[in-house]
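Working notes for the structure below.
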Amino acid sequence: MPSEPITMADLSVKFCGVKFKNPIVLASGILGVTADSMAQVVRNGAGGVTSKSLWPYEHQGHPNPVIITSEHYMLNAVGIPDAGPEKAREEIARYREVCDAPFIANIVGGVMDDYAAIAAEVALMQPDIVELNISCPNVEDELGKPMACSVVKSAEVTKLVRAKLDENGASKIPLIVKLSPNVESIVSIAKSVLDAGASGITAINSVGPGMAIDIDFAQPVLANRVGGLTGPAIKPLAVKYVYDIYKATKAPIIGTGGVSTGRDAIEMMMAGATLVGVGSAVWFRGQDVFGKIVEEMNEWCDANGVKKLSTLIGKVHENH
Amino acid sequence: MPSEPITMADLSVKFCGVKFKNPIVLASGILGVTADSMAQVVRNGAGGVTSKSLWPYEHQGHPNPVIITSEHYMLNAVGIPDAGPEKAREEIARYREVCDAPFIANIVGGVMDDYAAIAAEVALMQPDIVELNISCPNVEDELGKPMACSVVKSAEVTKLVRAKLDENGASKIPLIVKLSPNVESIVSIAKSVLDAGASGITAINSVGPGMAIDIDFAQPVLANRVGGLTGPAIKPLAVKYVYDIYKATKAPIIGTGGVSTGRDAIEMMMAGATLVGVGSAVWFRGQDVFGKIVEEMNEWCDANGVKKLSTLIGKVHENH
Amino acid sequence: MKIINTLPRAVAIKKIIQETEQVKTFIFDCSVGAKPGQFVNIWIPRMDEKPFSVAMDTGTELHISIAAVGPFSNAMHALKVGDKVGIRGPFGSNFICEKGQHLALLAGGYGAAPLYFFAYEAAAKGCTVEFIVGARRKDLLLFADRISALKGVRLHIATNDGSAGYEGFNTDVLKKIFNEEKIDCVCTVGPEIMMLKAMQMAEEKGCAAQISVERYMKCGLGVCGNCCVDGLGVPSCIEGPVMSLEKVKKLRDFGKYHRDKLGKKQYFNF
Amino acid sequence: MKIINTLPRAVAIKKIIQETEQVKTFIFDCSVGAKPGQFVNIWIPRMDEKPFSVAMDTGTELHISIAAVGPFSNAMHALKVGDKVGIRGPFGSNFICEKGQHLALLAGGYGAAPLYFFAYEAAAKGCTVEFIVGARRKDLLLFADRISALKGVRLHIATNDGSAGYEGFNTDVLKKIFNEEKIDCVCTVGPEIMMLKAMQMAEEKGCAAQISVERYMKCGLGVCGNCCVDGLGVPSCIEGPVMSLEKVKKLRDFGKYHRDKLGKKQYFNF
Ligand SMILES: Cc1cc2nc3c(=O)[nH]c(=O)nc-3n(C[C@H](O)[C@H](O)[C@H](O)COP(=O)(O)OP(=O)(O)OC[C@H]3O[C@@H](n4cnc5c(N)ncnc54)[C@H](O)[C@@H]3O)c2cc1C
Ligand SMILES: Cc1cc2nc3c(=O)[nH]c(=O)nc-3n(C[C@H](O)[C@H](O)[C@H](O)COP(=O)(O)OP(=O)(O)OC[C@H]3O[C@@H](n4cnc5c(N)ncnc54)[C@H](O)[C@@H]3O)c2cc1C
Ligand SMILES: Cc1cc2nc3c(=O)[nH]c(=O)nc-3n(C[C@H](O)[C@H](O)[C@H](O)COP(=O)(O)O)c2cc1C
Ligand SMILES: Cc1cc2nc3c(=O)[nH]c(=O)nc-3n(C[C@H](O)[C@H](O)[C@H](O)COP(=O)(O)O)c2cc1C
Ligand code: FES
Ligand code: FES
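Residue numbers (this note's numbering), protein chains in the order written: chain A, 33 to 352; chain B, 33 to 352; chain C, 5 to 274; chain D, 5 to 274.
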């Protein structure tokens, strides 16, 4: 990117045809409520951002506590609150005014009709990429067994959303599907959604859910009792699933889960990720974690004579 | 226990009719290769021990590296090496000579016939409890999709092992089944194995598997490429599954996964565990972790006026 | 990597002081190592968890002053000595001062509590303080006695009905002080309209200011994004609540709107 | 909680010294902060990972001496300067000495390498050392030059064929030294039969001893359990390899059997 400070290595990557100045993107649900906060994430070094999951209608989250952390992980049950499409429209328009890094709109719904409705809405907002969330464990109650668990349902909702995007003037906008690790075979689901029209995969959503009990109260700490496990604890799972999906499909992947450092991000890319999602590390390393990670990737590339970061994508597969 | 130093709280528990002086037991596969090392675990404070998984024949493990750790987790792919029943017989006999804490024999196999064979063998060794491992993720290749993934298969193998125990003079020995978290519904499997004759449940086996890549070599670190995730990282998952299984079945449970401290152990008991398995913490806190945990439980009980530790089992379920 | 555990800690209430009709101070036998202006999240299991400023952290005792305004704060008011709540924090930024400064503190609502904590520390640092407390009427005035007991701190009172001190807004008192004294920094906690006025006055006078920007907070960790302020786009639970005049001037929402728990803009109607 | 990360670290070989026909010393541009007697795990990706004693850790350089005896050690011998291996550690216990002691060090096989490291540190601490190195023949003697260069350290050589020094076992030399000198502690690394004899001699003389008990190791973390010694039941990768005479006396396997990688007993046939 011409306006960026010159670095030794070329960190830019192309993902589903969209160019990112570096592969680090904000994961959905972290700091993605407002346009200005996403622009701030870009100022803090990210190559792109993902919005919080957008619903076709106003959706209430869970009562507090919604997030707790230990040294090893974060547990969250925010419950995907959202004010609905009107707010989303306003925020995306504002984002476009203040920031030119790619914008990934993450969408979610309770039933099939919801997905149709939000797909049609989001098509009109013209994000750079649409990310379909079929997998959030802490809205299990609403999604029933979440769609991510079923190969058939996952493909069906992907087809539906792709069609609604096409019908509403967004046929050029890539659709990617965000997968849950809490299934018997994430690879089968990845294959089925790619066959159904997805251009890429985001892996992984939060793990579990898990539970933390405060023994002094003999009570679960999260108001929702259980919440998705994220942060350093889940990195080996995310790396493994990205590795498996890449191996089986060679599809473009946003590798997300437990990435906190430049080394973590490179590990995810070697496993097969083109973009690397960062969420919980915003807490573990601070709001400027994006720039720190980018800087660390840069240093590693320099030390190892890597001129173009994208040559590392899937590298571990070459070696055995 | 008359020979133990007098503590304020009574820490003893009864699990499937077997009395443990305290609820902390060594988890399978950690330090469980020899009788003397299990006796040493008891000297280090454990209330009981579980053997490494026993095969009906000699079984090779994986090449090194077999275990790696970060601050947050351990990844292992030891591959369940075992010298077979003759060695097991000798070690159990030796254990009985030097130690009187309950001995849980964990058994494993590749196909149904293996389970029948090792069940018959282990019956003759007369352990206090038999723990059936149908769930180890890092022998996926041999087990195919491991039995733990299927409700039908899990019940079938449980029935078979129970029958072989009964036929071989071990009809009084409780059989418990150790479950994997890497399934769609651990509760359905728990129910099905209890219906099939299991007296209790151990939850959970290691999570994943996961992968760690050394970016300087662009190679997975574990020789087996992937390995089971254990340690602090998985505690919220283990607590959640113990909670779910207890809620649905009220069966006796060995709660295992990420327990490192007395508070962790009490958390697991409040979720529904009667016994608490400890594995990876042997690395994270040292060989004497068992005694440390017991001491910390003791202190918490004293500070909170708990006279009998077993009153805490399932306590979180009373409160909502 | 910053290693930090944010599980709530169960602490028993040691003492409860009924400050006014609306406000109680809860005293806990613990410290969170908070600085003035920082907040904690207080958890009542099976109820909710909400942010509250620290009214004093002595290193062994923690004070929190809570106004009963809705379900959670009323539930707090219903608690008795010995009852336990969960506390985590401290979170957010804090008020700062330099040795020997002359400060004006402007408090509305429960704002007198965290500002009292700040005045206490500022006085100990050799600052002199003009402390303006406003309330609707005399009996709703918060911490007036404690403030007047501080050495180097002068208490000014404003009540809407004139039942004590100046009759009118506490911002009028601030204006008067500005005209009479050289103030190094204005620090304010209270209703946004009041803080907006104070900020405008400070700007006119070329005086520094620190303002406690309160938004709807959930996590307190800079993760959920609900408390982010427009313009800067930063989470107010991390870069706030206390922000400098320079920062607040860059906010697009300050004095205009805040966001509800779904992230929807709610315009102030004043 | 002990916070420790045991991921291997990739380090390039800086220099390779062919010590004898069988043994090469690999020098790495790094330190693991090892003490004499401790070991590291060396990883060749897609091959295996094996334990090796540290032959020197200067704080900036790490030396490892490796005898070619099988697939892994031969693969190490095939590496060139600049090739990278993964290293993790240090693991296990170490040799100790007190200022001014008179020590006897008994080395067989690659044992001269870790004991050289110990002699170096002991000499620096003001100890005097009788260092006995044994080998089948002269050209297989390890580290002889380096050992004789140490101040306060006297080198004794034993070869089976008498091609250098005493003709016979190095334990015979130890016996002689015992008869001539007052030894404070015997430290030994080498074949178990040799160490067993040394231990028996030390016991007879009422002399302290430290013995490097080597068992089949996998993890090095005290987790897999493969290296546990019978009698005490402790993992030798944690409480060993270096153990005191008192501990070794409590071992039921020492000098009798060790366990293979399946945990099966393998009796020594000597
Ligand atoms: C940084 C900060 C410090 C605060 N310090 C104090 C204090 O020291 N003493 C005190 O009495 N109050 C303080 N508050 C406000 C306090 O959090 C709310 O009064 C309380 O949450 C109200 O909850 P409720 O259920 O009683 O009332 P509700 O009926 O739920 O709400 C009443 C009012 O409080 C606001 N509010 C509710 N929940 C929140 C929330 N999670 N975050 C921010 N505002 C909320 C609402 O917008 C509404 O205006 C502080 C708020 C913030 C953000
Ligand atoms: C604490 C410790 C320190 C050691 N220090 C050194 C050293 O400084 N220099 C050196 O050359 N060798 C050292 N060894 C021995 C070294 O680990 C083996 O020589 C090496 O693993 C042989 O592997 P291989 O594939 O070349 O041969 P293999 O044919 O696999 O084995 C040859 C011999 O080495 C033993 N061995 C193999 N694998 C292991 C293992 N994982 N753990 C223990 N023994 C094993 C076998 O029992 C056999 O006797 C040490 C061993 C231990 C336990
Ligand atoms: C607080 C929080 C909220 C989240 N909300 C969403 C969401 O709304 N939609 C979604 O697809 N994923 C959501 N996620 C999952 C993240 O996008 C990401 O997949 C996960 O956190 C793993 O990445 P991390 O370890 O870097 O946090 C959320 C995660 C967290 C921690
Ligand atoms: C090195 C290692 C080896 C293991 N081997 C076995 C095994 O042989 N059989 C089994 O049922 N579980 C095995 N497990 C799983 C543990 O028994 C336990 O369920 C898991 O480690 C979670 O507990 P932890 O977090 O306390 O380690 C193994 C775990 C580790 C770390
Ligand atoms: S309250 Fe969640 S980001 Fe500030
Ligand atoms: S090598 Fe694994 S316990 Fe010692």
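Don't be surprised by glycine CBs; every beta carbon is placed ideally from N, CA and C.
- Pick helix, strand or coil for B/P252, following the three-state DSSP scheme. strand
- Query: Using a C-beta cutoff of 8 Å, does A/Q72 count as contacting chain C?
  - Reply: yes
- Task: Give the residues of chain F in contact with D/E208, contact being defined as C-beta atoms less than 7 Å apart.
- Result: Given the protein chain composition of this structure (A, B, C and D), no chain F is represented.
- Can a CB atom of chain D be found closer than 8 Å to the CB of B/T288? no
- Would you mind reading off the limits of the alpha helix (DSSP H) that contains A/R295? 294 to 303
- With DSSP as the reference, please indicate the residues paired to C/R158 in a beta bridge. C/E134
- Which stretch, first to last residue, makes up the beta strand (DSSP E) that contains D/A71? 66 to 71
- Report yes if the CB atom of A/A270 is closer than 8 Å to the CB atom of A/A235, and no otherwise. yes
- Query: In terms of residue numbering, what span does the alpha helix (DSSP H) encompassing D/Y124 cover?
  - Reply: 116 to 128
- Would you say C/D234 reaches chain A, if we count a Cβ-Cβ gap shorter than 8 Å as a contact? yes
- Which same chain residues, not among the five before or five after D/G113, have their C-beta less than 7 Å away from its C-beta? A71, G194, P195
- Message: Please report whether the beta-carbon of C/Y50 lies at a distance below 8 Å from any beta-carbon of chain A.
- Response: Checking the sequence, you will find Arg at residue 50 of chain C rather than Tyr. Output row for C/R50: interface = yes.
- Task: Please say whether A/A137 and A/V110 have beta carbons closer to each other than 8 Å?
- Result: no
- Any residue whose CB is nearer than 7 Å to a heavy atom belonging to ligand 6, listed in chain order: B/L63, D/M221, D/K222, D/C223, D/G224, D/L225, D/G226, D/V227, D/C228, D/G229, D/N230, D/C231, D/C232, D/P239, D/S240, D/C241, D/I242
- Query: B/Y275 versus chain A: which residues are under 7 Å apart at the beta carbon?
  - Reply: M243
- Query: Within 8 Å (strictly less), CB to CB, does C/A79 reach chain A?
  - Reply: no
- Query: From B/N108, B/V219, B/A115, B/G80, pick the residue whose C-alpha is nearest to that of B/Q92; which is it?
  - Reply: B/A115
- Task: Enumerate in chain order the residues of its own chain whose CB-to-CB distance from A/P206 is below 6 Å, with the five nearest sequence positions on each side excluded.
- Result: C48, I161, S231
- Item | Closest by C-alpha distance to C/I187, when choosing among C/A108, C/A162, C/A126, C/D149 | C/A108
- Counting contacts by CB-CB distance shorter than 8 Å, is A/Y278 in contact with chain B? no
- Same chain, Cβ closer than 6 Å to B/I325, neighbours up to 5 away in sequence not counted: I56, G294, A297
- Task: Within its chain, find whatever has a CB closer than 7 Å to the CB of B/Q319; leave out the 5 residues flanking it on each side and keep chain order.
- Result: N76
- Item | Where B/D114 falls: helix, strand or coil (DSSP) | strand
- Message: Check this for me: beta carbons of C/K260 and C/F274, under 8 Å apart or not?
- Response: no
- Query: Tell me, which residues are paired with B/W332 by DSSP?
  - Reply: DSSP, once it has assigned bridges, lists no residue as partnering B/W332.
- Query: Going along the chain, which unbroken runs of the beta strand (DSSP E) with 3 or more residues stay wholly within the region 89 to 113 of chain D?
  - Reply: 106 to 111
- May I ask which residues mark the beginning and end of the alpha helix (DSSP H) holding B/W315? 313 to 316
- Measure from the C-beta of D/I242 to each C-beta in chain B and report whether the shortest distance is under 8 Å. yes
- Task: Within 10 angstroms of the Cβ of A/P34, are there 16 or more other Cβ atoms? Answer buried if so, exposed if not.
- Result: Residue confidence for A/P34 is low, a pLDDT of 43 falling below 50, so the modelled location carries little weight and cannot support an answer.
- Based on Cα-Cα distance, which residue from C/V252, C/L144, C/C211, C/Q22 lies nearest to C/A111? C/L144
- Item | Local Cβ density within 10 Å of B/E118, reported as buried at 16 or more and exposed below that | exposed
- Flag this pair as yes or no: are the beta carbons of C/G226 and C/G93 separated by less than 8 Å? no
- Residues of chain B with CB under 7 Å from A/K347, in chain order? A250
- Taking Cβ-Cβ distances below 9 Å as the criterion, which residues of the region 77 to 103 of chain A are in contact with chain C? K84, E90, H91, Q92, G93, P95, N96, P97, V98, I99, I100, T101, S102, E103
- With DSSP as the reference, label C/Q22 as helix, strand or coil. strand
- Task: Thinking C/F205 and C/L178 are a contact (beta carbons under 8 Å), I'd like their distance in whole angstroms, please.
- Result: The question names Phe, but residue 205 of chain C in the sequence shown is Met. Indeed, because the Cβ distance is near 6 Å, the residues count as touching under 8 Å.
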